[in-house]
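Beneath this line is the structure, given in structure tokens, with notes to follow.
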Amino acid sequence: MALWDIAGKLYGASIHEMLGGGGQGRMKLPCYASTYHGDENGGLTRPEDYGDFALACRDRFGYPAFKIHGWVGGPISREVDAVLAIRRAVGDSMALMLDPAGAFRTFDDVLRVGRACDEANYFWYEDAFRGGGLSQSAHSKLREFIKTPLLMGEHIRGLEPKADLITARATDYVRANSYTDGGITGVMKLAALAEANGLDVELHGGSLAHRHCMASMRNSNWYELGLVHPLVNANKPPIYGDPKWIDLLESVDSKGCLDVPTGAGLGVPLDWDWISAHRTGEVVYASG
Ligand SMILES: [Mg+2]
């Protein structure tokens, strides 16, 4: 990422320009509000809390999509109820996704929640299996039982292992992350791999780098904006000055979309006054 940023500054071009993207329609990135895990103290505690929060994200900020990280260790019936309650709350007005993030204990739990996702027409069902979410055979078997598209691969690194996931028919969307899949170059390789297989790439988490990557891809649907919660806000340091660049709930425009920077390199200067005033330590990387 740093090398792409330096190259962009050298050539006076933003990263999405160097990647050949940023064409008409891709300078606004549609976002899903991606929640924290459920809690037990009145924030995201009941299924209706998720439904209310989805509505607030839509009505206050314009979000077109909403992804829940549910509870860890709670009754599976509450998870099923949340999947259905959110759809009841928002009707057909939002795309919905579910990411248990490996919280479910048994195949039966995975299946029961997956069937609720089918009933409520979820956009994807992500990393449901306990144990790392690495099994190709478990996911390809799950695909025989439910119709909601699967998204897995967040915990599997790099180009070749993800090619194997696709070949094994273990996932319907391809997860990519510039922090763990070989930087911006690695993410763009995954985009091409997915495209060649008729699949879409969904980027894991947000960053300026991911805004540039997504602006350069034809085959990507949603930007992950998170994590968000009805009682938690301003949970990221304001290192860029303007909050529109740091992925807060209110960083989106009235249609729930984020902008792509147009400056050179990553395209947004760091606010060194703020960073210096909040410095707690320093590490110097030096060669030679
Ligand atoms: Mg996830």
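Numbering (the working numbering), first residue to last: 306 to 593. The beta carbon of each residue, even a glycine, is placed where N, CA and C say it ideally should be.
Asked, Found
"Quick one, are the C-beta atoms of Glu-459 and His-509 less than 9 Å apart?", "yes"
"May I have all residues whose beta carbon comes closer than 6 Å to any heavy atom of ligand 1, sorted in chain order?", "Asp-404, Ala-406, Glu-431, Asp-432 and Glu-459"
"Using DSSP bridges, identify the partner residues of Ala-564.", "In the sequence under discussion, the amino acid at residue 564 is Asp, which differs from the Ala named in the question. DSSP, once it has assigned bridges, lists Lys-333 as partnering Asp-564."
"Tell me, please, which residues DSSP counts as bridged to Arg-462.", "According to DSSP, which records beta bridges pairwise, Arg-462 is partnered with nothing at all."
"Residue ranges of each alpha helix (DSSP H) run of no fewer than 4 residues wholly in the segment 434 to 499, ordered along the chain?", "441 to 450 and 464 to 472"
"Is the Cβ-Cβ distance between Gly-407 and Phe-428 less than 9 Å?", "no"
"Compare the beta carbon distance of Leu-464 and Tyr-430 with 9 Å and say whether it is the shorter of the two.", "no"
"Short of 7 Å in beta carbon distance, which residues of its chain neighbour Val-506, apart from the five on each side in sequence? Order them along the chain.", "Val-479, Ala-481, Leu-495, Ala-496, Ala-499, Met-522, Asn-524 and Ser-525"
"In angstroms, rounded to a whole number, what distance separates the CA positions of Tyr-584 and Glu-555?", "The sequence as given places Arg at residue 584; Tyr does not occur at that position. When rounded, the distance between both Cα atoms is 26 Å."
"Could you pull the start and end residues of the alpha helix (DSSP H) that Trp-429 belongs to?", "No alpha helix (DSSP H) contains Trp-429, which is instead part of the beta strand (DSSP E) from 429 to 431."
"Are the beta-carbon atoms of Arg-383 and Trp-376 separated by less than 9 Å?", "yes"
"Confirm, please, whether the CB-CB distance from Gly-313 to Leu-571 is below 9 Å.", "yes"
"Are the C-beta atoms of Ala-318 and some chain D residue less than 9 Å apart?", "The structure shown contains no chain D; it holds only a single protein chain."
"With which residues is Ser-339 paired in a DSSP beta bridge?", "Lys-372 and Gly-531"
"In this structure, does DSSP put Met-399 in helix, strand or coil?", "coil"
"Once you ignore the five residues that flank Ala-443 on each side, which residues in its own chain have a CB closer than 7 Å to its CB?", "Phe-434"
"I'd like the span of the alpha helix (DSSP H) that includes Leu-360, first residue to last.", "352 to 366"
"Leaving out the 5 sequence neighbours to the left and right, which residues in its chain are closer than 6 Å to Asp-386 when beta-carbon positions are compared?", "Pro-352"
"What would DSSP say about Glu-322, mapped onto helix, strand or coil?", "helix"
"Can you tell me whether Asp-414 is helix, strand or coil according to DSSP?", "helix"
"Gly-531 to Asp-469, Cα distance in whole Å?", "29 Å"
"Please state whether the Cβ-Cβ distance between Leu-536 and Gly-379 is less than 9 Å.", "no"
"Could you tell me which residues DSSP pairs with Leu-508 in its beta bridges?", "Ala-481"
"Nearest-angstrom Cα distance between Met-332 and Gly-568?", "13 Å"
"Could you check the C-alpha separation between Ala-359 and Cys-562 for me, to the nearest Å?", "16 Å"
"Within a Cβ cutoff of 6 Å, which residues of the same chain sit near Asp-552, ignoring the five residues on either side of it in sequence?", "Gly-511 and Leu-530"
"Which one of Pro-574, Ser-440 and Thr-453 has the shortest CA to CA distance from Ser-319?", "Pro-574"
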